[in-house]
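A short write-up of the structure that comes next.
In the UniProt record's numbering, the protein residues as written are 1 to 171.
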């Protein structure tokens with residue numbers, strides 16, 4: 001397996017430097033959050049450049065995707081925000097003709113939203129950008145390294161989910 005030389009940055013200390021870090025920054029969760037935040041900040045800049053979307057708008061467009069219309073309440077649940085938090089971003093997307101709103105024919109108290117043709121084009125640009133970023137991030141790892149990494153991430157995710165459940169039980 002050919003590997004590129006490791007590049008040292010302030011955000012990615014070498015294993016030997018871990019002992020010099022503050023205890024909290026040496027923890028796995030902190031290091032994963034640094035990685036996730038770097039990826040998120042880069043993604044936000046890319047999607048702003050490619051599709052003119054803010055981070056909230058990007059989340060809405062990505063969640064709506066190529067799916068049938070969904071209720072605003074379901075969309076809010078999908079992005080992990082309340083209906084009020086997404087209303088301004090949704091209004092902006094409607095004004096820019098990226099999202100269409102309609103009354104649910106089965107329940108006139110409910111509003112359904114979906115992407116327009118322009119919204120689908122923005123979505124497709126987001127997907128293409130995400131695939132390119134993913135490829136670039138993972139190209140330095142061999143096939144076996146990727147398999148091990150994904151297995152370890154799955155195991156850590158399962159453990160973190162159990163830890164969350166345990167904390168909820170202690171309330």
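We put the beta carbon where it would ideally sit given N, CA and C, even for glycine.
Owing to the predicted nature of the structure, the values given are computational and were not obtained by experimental measurement.
query: Backbone CA spacing between residue 117 and residue 98 [nearest angstrom]; result: 7 Å
query: Span separating the alpha-carbon of residue 3 from that of residue 39; result: Residue placement at residue 3 cannot be trusted, given a pLDDT of 47 that sits under 50; what the coordinates show is reported in the next sentence. Using only the alpha carbons, I get a separation of about 21 Å.
query: Buried/exposed call for residue 127, threshold 16 Cβ in 10 Å; result: exposed
query: Opening and closing residue of the alpha helix (DSSP H) in which residue 74 lies; result: 72–79
query: Proximity below 7 Å, CB of residue 115 to CB of residue 64; result: yes
query: Buried or exposed (CB count within 10 angstroms, at least 16 for buried), residue 5; result: For residue 5, the predicted structure reports a pLDDT of 46, less than 50, and the residue's modelled location is therefore unreliable. A value from the coordinates is still provided. Counting Cβ neighbours within 10 Å, residue 5 comes out exposed, since fewer than 16 surround it.
query: Counted within 10 angstroms of its Cβ, other Cβ atoms place residue 58 as buried (16 or more) or exposed; result: buried
query: 7 Å Cβ shell around residue 141 - same chain, five flanking residues per side excluded; result: 149
query: Candidates 78, 107, 108 and 113: closest to residue 94 by CA position; result: 113
query: Coarse secondary structure for residue 115, derived from DSSP in three states; result: strand
query: As assigned by DSSP and simplified to three states, the class of residue 57; result: helix
query: Distance CB(residue 130)-CB(residue 50) smaller than 7 Å; result: no
query: Simplified DSSP state of residue 31, which is helix, strand or coil; result: helix
query: Residue 79 versus residue 62: straight-line alpha-carbon distance, rounded; result: 9 Å
query: Rounded separation between residue 160 and residue 86 - CA only; result: 28 Å
query: Ranges of the alpha helix (DSSP H) found wholly within the segment 105–157, counting only runs of at least 4; result: 117–138
query: Boundaries (first-last residue) of the alpha helix (DSSP H) holding residue 84; result: 83–95
query: Residue-level contact to chain B via CB, residue 83, 7 Å cutoff; result: Structure shown: chain B not included; a single protein chain is present.
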